[in-house]
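Quick note, this note's numbering runs 545 ahead of the 1-based positions in the sequence shown. Even glycine gets a Cβ: it sits at the ideal position worked out from N, Cα and C. Encoded as structure tokens, the structure appears first; notes follow it.
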Amino acid sequence: MPNKATARIPASTTNLGPGFDVLGLALQLYSTVELQEIDSGIELAIHGIDSDKISSDTDNIAYQAAGLVFDRCGYKPKGLRLVLTNGIPAIRGLGGSGTAILGGLLTANAICGEPFSTAALLDFATELDGHPDNVAASLLGGFVVSVMQDNHVHPIKLDCGSDLRVVVAIPDFPLSTKQARGVLPKTVQLADAIYNVSRSSLLVAAIATGNLEALSLAMHDRLHQPYRIPLIPGFDEVTEAAMQAGALSVALSGAGPSIAAYCTTSTQEVAAQMSRAFARHQISCDVKVLSIDSTGATVRICGWVNQPGHQGFG
Ligand code: HSE
546 MPNKATARIP
556 ASTTNLGPGF
566 DVLGLALQLY
576 STVELQEIDS
586 GIELAIHGID
596 SDKISSDTDN
606 IAYQAAGLVF
616 DRCGYKPKGL
626 RLVLTNGIPA
636 IRGLGGSGTA
646 ILGGLLTANA
656 ICGEPFSTAA
666 LLDFATELDG
676 HPDNVAASLL
686 GGFVVSVMQD
696 NHVHPIKLDC
706 GSDLRVVVAI
716 PDFPLSTKQA
726 RGVLPKTVQL
736 ADAIYNVSRS
746 SLLVAAIATG
756 NLEALSLAMH
766 DRLHQPYRIP
776 LIPGFDEVTE
786 AAMQAGALSV
796 ALSGAGPSIA
806 AYCTTSTQEV
816 AAQMSRAFAR
826 HQISCDVKVL
836 SIDSTGATVR
846 ICGWVNQPGH
856 QGFG
């Protein structure tokens, strides 16, 4: 059995407006998780962006995820060393917790000799994250539609072509998914459901056919954004600024507070205008121009060579 594995997992932006808890897109921004079985004890280390906001105790989500794999296949490691190198701003709507979960699952699965399929790992990841959209996109890469049926995730991945860029304005305040879900109503109007079904369907059709111009009509939402926008000062102005600067469409990234503008041109101008619009609300932000990750999570196994099928993932 290998005793060490390293996973590299892309960030994700989800919902894309109308596709609440269903649509996700993997982005070229990465975290890595390295897991090693050692002779005894537990060693956890967190490096990288926002490392002060991530637990280095046994409640760490990557460590918990690794433990879930070990429990479910009945493997008892003698000791564990886990190193999370975080490249994704934490609690900002970019799927950081999903990448940590996948990192723990993938590396533990590798150390156990891969008892679980990709599909099973996606189900475990969804169980831990609470919704499938972030983890499915980060695991598989590209644009992913995820449907839940009987506690299983049924994902379909689409390629987005090479032209699409996502300009993400990441404000300097966190917004937990728990808080952002807490403001949502328990029931919705039929008219709002129809509004979202139509736009979400158009969005998938637009990506599938490469008709990116249609994103401007497709990327609107009545199920979650209207309730979350009050939690994000400047949302309307940042959106307007991005559109004026040449974005095709704009949506909240996941549960927020980051705002994602979808572009095929003018990315630098869109980035500059989004930053200025946040600044007018006394909010400083980091703006990243990101390409789509079409590969998904990868895992590298150390200490065990010539084992076909254990090298790639995606
Ligand atoms: N679909 C989830 C939500 C994403 O909007 O609550 C959370 O990152």
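Taking 8 Å as the cut-off, decide whether the C-beta atoms of residue i and residue j are in contact.
i      : j      : result
Ile583 : Gly624 : yes
Pro775 : Ile828 : no
Leu797 : Asn560 : yes
Asp595 : Asn631 : yes
Ala550 : Ala611 : no
Asp704 : Ser557 : no
Leu650 : Tyr807 : no
Gly640 : Ser683 : yes
Ile804 : Leu572 : no
Leu574 : Pro555 : yes
Val783 : Ala822 : yes
Ala645 : Ser576 : yes
Between the options, which has its C-alpha nearest residue i's C-alpha?
i      : options                        : result
Thr812 : Val698, Leu650, Leu572, Val711 : Val711
Ala816 : Glu785, Glu659, Pro555         : Glu785
Arg617 : Gly675, Ala665, Arg821         : Ala665
Val567 : Ile636, Met693, Arg825, Lys598 : Met693
Ala607 : Pro622, Arg626, Gly619         : Arg626
Ser794 : Asn548, Pro547, Pro563         : Pro563
Thr809 : Gly706, Cys830, Met819, Ala822 : Gly706
Ile938 : Pro802, Asp604, Lys598         : Only positions 546 to 859 of the chain appear in this structure, which leaves residue 938 out of reach.
Leu835 : Gly801, Leu735, Ile715         : Ile715
Ala763 : Gly755, Ala792, Gln770, Ala751 : Ala751
Leu685 : Leu570, Gly799, Asp674, Ile591 : Leu570
Ile739 : Ala725, Leu629, Phe718, Leu768 : Leu768
Leu757 : Asp781, Lys731, Ala800, Ala792 : Ala792
Met788 : Gln818, Ala670, Thr732         : Gln818
Pro719 : Ala800, Val728, Gly727         : Ala800
Ala824 : Asp668, Gly658, Asp717, Glu672 : Asp717
Thr672 : Gly658, Ser662, Pro660, His697 : In the sequence under discussion, the amino acid at residue 672 is Glu, which differs from the Thr named in the question. Of the listed residues, the one whose Cα sits closest to Glu672 is His697.
Sort out for me which residues DSSP pairs residue i with in a bridge.
i      : result
Glu782 : According to DSSP, Glu782 bridges with nothing at all.
Ala796 : Ala805
Asn605 : None; Asn605 has no bridge partner.
Tyr740 : According to DSSP, which records beta bridges pairwise, Tyr740 is partnered with nothing at all.
Gly586 : Gly624
Asp831 : Ile715
Ser683 : Ser683 is not bridged to any residue.
Phe688 : Leu570, Leu703
Val749 : Answer is none; Val749 lacks a bridge partner.
Arg710 : Cys808, Ser836
Under the criterion of a Cβ to heavy atom distance below 7 Å, does residue i qualify as lining the ligand HSE?
i      : result
Phe565 : yes
Gly638 : yes
Ile765 : In the sequence under discussion, the amino acid at residue 765 is His, which differs from the Ile named in the question. Not under cutoff, so the answer is no.
Gly799 : yes
Thr630 : no
Thr722 : yes
Thr644 : no
Asp737 : no
Thr671 : no
Asn605 : no
His699 : no
Ala556 : no
Ala725 : yes
Measuring only between beta-carbons, confirm whether residue i sits less than 8 Å from chain D.
i      : result
Thr671 : Annotation note: the requested chain D is absent from the structure, which comprises a single protein chain.
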